[in-house]
Amino acid sequence: MGETRRGFLKKAGYAALGLGCGLPLFGAAALGERRARPRTPAKQLGLVIDVRKCMDGRVARAAIEACHSEHNVPFISDPLEEVKWVWTEPFERAFPDQAHGRAPEFLRENPVLVLCNHCSDPPCVRVCPTKATWKRRSDGVVMMDMHRCIGCRYCMAACPYGARSFNWRDPRAHLTDVRAEYPTRTAGVVEKCTFCDERLREGREPACVEAVRCVPGADGAMTFGDVSDPESEASRLLRAKFTICRRVELGTGPNVFYIV
Amino acid sequence: MIENAFRGSGKYWALVGFWALVIAAGLAAYGVQLREGLTVTGMSRDVSWGLYISQFTFLVGVAASAVMVVLPYYLHDHRVFGRTVILGEFLAVSAVLMCMLFVFVDMGQPARVVNVLLYPTLNSVMFWDMMVLSGYLLINLVIGFVSLESERRGVPPPRWARPVIYLSIPWAVSIHTVTAFLYSGLEARPFWMTAILAPRFLASAFASGPSLLIILIMIVRRFSRFDPGREAIRTLGVIVTYAMCTNVFFVLVELFTTLYSGIPHHLHHFEYLFVGLEGRGALAPWMWVSQGLAAAAVALLLFPGVRRRENVLAAVCAAVIAAIWIEKGMGLVITGFIPSTLGRITEYAPTLPEVMVTLGVYGVGFLALTVLYKMVIGVRERAAA
Numbered sequence: 000m001g002e003t004r005r006g007f008l009k010k011a012g013y014a015a016l017g018l019g020c021g022l023p024l025f026g027a028a029a030l031g032e033r034r035a036r037p038r039t040p041a042k043q044l045g046l047v048i049d050v051r052k053c054m055d056g057r058v059a060r061a062a063i064e065a066c067h068s069e070h071n072v073p074f075i076s077d078p079l080e081e082v083k084w085v086w087t088e089p090f091e092r093a094f095p096d097q098a099h100g101r102a103p104e105f106l107r108e109n110p111v112l113v114l115c116n117h118c119s120d121p122p123c124v125r126v127c128p129t130k131a132t133w134k135r136r137s138d139g140v141v142m143m144d145m146h147r148c149i150g151c152r153y154c155m156a157a158c159p160y161g162a163r164s165f166n167w168r169d170p171r172a173h174l175t176d177v178r179a180e181y182p183t184r185t186a187g188v189v190e191k192c193t194f195c196d197e198r199l200r201e202g203r204e205p206a207c208v209e210a211v212r213c214v215p216g217a218d219g220a221m222t223f224g225d226v227s228d229p230e231s232e233a234s235r236l237l238r239a240k241f242t243i244c245r246r247v248e249l250g251t252g253p254n255v256f257y258i259v
Numbered sequence: 000m001i002e003n004a005f006r007g008s009g010k011y012w013a014l015v016g017f018w019a020l021v022i023a024a025g026l027a028a029y030g031v032q033l034r035e036g037l038t039v040t041g042m043s044r045d046v047s048w049g050l051y052i053s054q055f056t057f058l059v060g061v062a063a064s065a066v067m068v069v070l071p072y073y074l075h076d077h078r079v080f081g082r083t084v085i086l087g088e089f090l091a092v093s094a095v096l097m098c099m100l101f102v103f104v105d106m107g108q109p110a111r112v113v114n115v116l117l118y119p120t121l122n123s124v125m126f127w128d129m130m131v132l133s134g135y136l137l138i139n140l141v142i143g144f145v146s147l148e149s150e151r152r153g154v155p156p157p158r159w160a161r162p163v164i165y166l167s168i169p170w171a172v173s174i175h176t177v178t179a180f181l182y183s184g185l186e187a188r189p190f191w192m193t194a195i196l197a198p199r200f201l202a203s204a205f206a207s208g209p210s211l212l213i214i215l216i217m218i219v220r221r222f223s224r225f226d227p228g229r230e231a232i233r234t235l236g237v238i239v240t241y242a243m244c245t246n247v248f249f250v251l252v253e254l255f256t257t258l259y260s261g262i263p264h265h266l267h268h269f270e271y272l273f274v275g276l277e278g279r280g281a282l283a284p285w286m287w288v289s290q291g292l293a294a295a296a297v298a299l300l301l302f303p304g305v306r307r308r309e310n311v312l313a314a315v316c317a318a319v320i321a322a323i324w325i326e327k328g329m330g331l332v333i334t335g336f337i338p339s340t341l342g343r344i345t346e347y348a349p350t351l352p353e354v355m356v357t358l359g360v361y362g363v364g365f366l367a368l369t370v371l372y373k374m375v376i377g378v379r380e381r382a383a384a
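Sequences listed follow chains A and B, in order. Numbered by numbering that gives the first Met the number 0, the letters in the first sequence go through residues 0 to 259 in order. Numbered by numbering that gives the first Met the number 0, the letters in the second sequence go through residues 0 to 384 in order.
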């Protein structure tokens, strides 16, 4: 008995030591993997937003309204607990490295539509301890499983764009019209934009893009498509115009582009 | 051995009863949090971690500091710690217990906690933190109980215990390093993204943990017939001195890099922490208290004569604990979120339910510590009699 117990503990000890020593090795492997991984999957859906065409408040309102009603996003008046998938930020908040102190005030305060950037190398996916958020290989969308999320909010600490919202309270109490086609959420989980994966499945465009198309004079305000396909309209636009991305210096590889 | 926990004086049961009351109050508040959601806390979409995670961070340090008695005793045969080492190991056990509970009460969906094991994610530092913390809990429980049982029977500890004890030394360093990596690997948070974070965590841990141990030894000595010895306290005092000086040095290194380079993304966090930003600086007074206590503690600790006066040493240890509790708990975690990634300043203050849950978790930890120490005292008093 003593011998087997001793043997077992010995093996357990070696196993644990191996685990401990393996940590730095694993880190190095992860680093290598991160560099070797192609920056974009086979297909990478992206969005090109023309900032000047969104200056008119109607465009942003149409996009937000379409998204939030389609996905049963609760309306919570307390800004500290709000849930938002797409919203506007002043230019200098969205692009802190682009708006220097001498830029004209109207530009710095100009509202810009912001949403999840569906990064090529998403920090939220890197930190999530349960794979509740992941990068979909087929189209590069950063997906979110609100049924697996444990609500640790590590992804919120990791996202440089503030694109993730936590349900601090029961969101169902803050819904006026519930759309039966899309699930509502419980308190205690994180949610965000998924480029309308439920629409993509049916070959349709995201709700915000479709809604903005119907706003008169907002032609070309939002262009959605596969940015890894050189023939897509989004790619053609990216080649033709000067665009910027949010916080590119961080290396997350955002896939929402802005024509300024 | 365990029977000692069920036999005790009126004072012992009064202490156990007190912790039970604290735990009951914490549970009541946690019930409210479960029903209403984390909205009952002071956290927000901008400051998404608060008191719970800051206490977790502080206590990982207390847990890791057991290595400061284990290493001299087992690796250098420093016999002065012969009767202290188990107190350090059991302090680590109760500290890790609290760490795990603090992460648990912070979760939005605590019922889904097993998802971390069902879908193990090697690229998440949080997964690794959970692994090293539970491993550390297990190691210290095993070492503590095995060595106490051998002592009770008057035999040397079994030979297999030694490799486990040796393993506990790098493992202690790993828990605090991995906890620092939770923060320092986030490109979104310049305040945390510094290579000195893990060394800083270790230095502050090795100052605050042994300080707490000194105070606990003084309490044990006062209320029981078991005395770990003046020499142990004195040696711990030297350890606290070195660690606290190192910690202050690391903080100054960090401050130099930030202030001299003046990169706004980094600077703004420190401005908020020490002087406030855009007229808001709720943490600034706390931080100055912390820095004042740290400076006073270092100034006193440097004199061996001061350290030998046990009353003064106890006060200095309390100052070290308070200084690091503020700096590493609230100061480090909260300030990482202020300003937010979008440059907004949203302040944070814990709410009453949040404070009650926190006290409840401390209640669990101190109850475990009381029971474990009671067992040690029982064995030691019998040996002395």
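Glycine is no exception: its CB is placed at the ideal position from the N, C-alpha and C atoms. Since we're looking at a predicted model, the values are computed, not measured.
(request) Determine, using beta carbons only, whether residue 115 of chain A and residue 163 of chain A come nearer to each other than 9 Å. (result) yes
(request) Give a yes or no on whether the C-beta atoms belonging to residue 50 of chain B and residue 354 of chain B are separated by under 9 Å. (result) yes
(message) By the three-class DSSP mapping on this structure, what secondary structure does residue 347 of chain B have?
(response) coil
(request) Note down the Cα distance separating residue 74 of chain A from residue 188 of chain A, rounded to an integer number of angstroms. (result) 16 Å
(request) Identify, in the order they occur along the chain, each residue of the same chain with its Cβ nearer than 6 Å to the Cβ of residue 67 of chain A, setting aside the five sequence neighbours on each side. (result) none
(message) Just to confirm the assignment, what range does the beta strand (DSSP E) spanning residue 84 of chain A have?
(response) Premise fails: residue 84 of chain A is in no beta strand (DSSP E) and is neither H nor E.
(request) Starting from residue 258 of chain A, follow its DSSP beta bridges and name the residues at the other end. (result) A:49, A:242
(request) Starting from residue 224 of chain A, trace the beta strand (DSSP E) both ways and give me its first and last residue. (result) 221 to 225
(message) Extract the residue ranges of the beta strand (DSSP E) inside the region 102 to 176 of chain A, only unbroken runs of 3 or more that lie entirely within it.
(response) 110 to 114, 132 to 134, 141 to 143
(message) With DSSP as the reference, identify every bridge partner of residue 44 of chain A, one or two as the case may be.
(response) A:225
(request) Give the straight-line distance between the Cα atoms of residue 117 of chain A and residue 196 of chain B, rounded to the nearest whole angstrom. (result) 29 Å
(request) Rounded to whole angstroms, what's the CA-CA distance from residue 155 of chain B to residue 297 of chain B? Just pull it up for me. (result) 39 Å
(message) For residue 270 of chain B, tell me which candidate among B:259, B:283, B:260 has the shortest Cα-Cα distance.
(response) B:283
(message) Residues of chain B with CB closer than 8 Å to the CB of residue 165 of chain A, please, in chain order.
(response) 37, 44, 47, 107
(message) Can you tell me which residues form a DSSP beta bridge with residue 276 of chain B?
(response) B:279
(request) Please decide whether residue 187 of chain A counts as near chain B, where near means a Cβ-Cβ distance under 9 Å. (result) yes
(message) Looking only at its chain, what residues have a beta carbon closer than 8 Å to the beta carbon of residue 348 of chain B, apart from the 5 residues adjacent to it on each side?
(response) 41, 281
(request) Using a Cβ cut-off of 9 Å (strictly closer), state whether residue 193 of chain B contacts chain A. (result) no
(request) Please list the residues of the region 324 to 339 of chain B that have a C-beta atom closer than 7 Å to any C-beta atom in chain A, keeping them in chain order. (result) 339
(request) Could you spell out the range, first to last residue, of the alpha helix (DSSP H) harbouring residue 75 of chain B? (result) No alpha helix (DSSP H) holds residue 75 of chain B; DSSP gives it neither H nor E.
(request) Out of A:100, A:58, A:170, A:183, point me to the one whose CA is closest to residue 86 of chain A's CA. (result) A:58
(request) Determine the burial state of residue 101 of chain B: buried for a count of at least 16 other Cβ atoms within 10 Å of its Cβ, exposed for fewer. (result) buried
(message) Can you check whether the C-beta of residue 153 of chain A is within less than 9 Å of a C-beta belonging to chain B?
(response) yes
(request) Go to residue 137 of chain B, then tell me how far its alpha helix (DSSP H) extends in each direction, as first and last residue. (result) 124 to 152
(request) Could you round the C-beta distance between residue 166 of chain A and residue 36 of chain B to whole angstroms and report it? I think they count as a contact, below 8 Å. (result) 7 Å
(request) Could you name the residues of the same chain whose beta carbon sits closer than 7 Å to that of residue 27 of chain B, not counting the 5 residues immediately before and after it, in chain order? (result) none
(request) Would you give the residue range spanned by the alpha helix (DSSP H) that residue 333 of chain B belongs to? (result) 331 to 334
(request) Consult DSSP for residue 0 of chain B and reduce its assignment to one of helix, strand or coil. (result) coil
(request) Indicate the three-state DSSP secondary structure (helix, strand or coil) for residue 204 of chain A in the structure shown. (result) coil
(request) May I have the straight-line CA-CA distance separating residue 4 of chain B from residue 228 of chain B, to the nearest angstrom? (result) 23 Å
(message) Pairs of beta-carbons, one from the region 87 to 106 of chain A and one from the region 222 to 238 of chain A, closer than 8 Å: are there three or more?
(response) no
(request) Quick one: give me the first and last residue of the alpha helix (DSSP H) that residue 287 of chain A is part of. (result) As shown, chain A starts at 0 and ends at 259. That puts residue 287 of chain A outside it, with no answer to give.
(request) Return the residue from the list B:369, B:147, B:383 that minimises the CA-CA distance to residue 12 of chain B. (result) B:369
(request) Find the residues of chain A that neighbour residue 188 of chain B, judging by a C-beta separation of less than 7 Å, and give them in chain order. (result) 156
(message) At the 9 Å Cβ level, is residue 243 of chain A part of the contact set with chain B, yes or no?
(response) no
(message) With the cut-off set at 9 Å, would you say residue 147 of chain B and residue 214 of chain B are in Cβ contact?
(response) no
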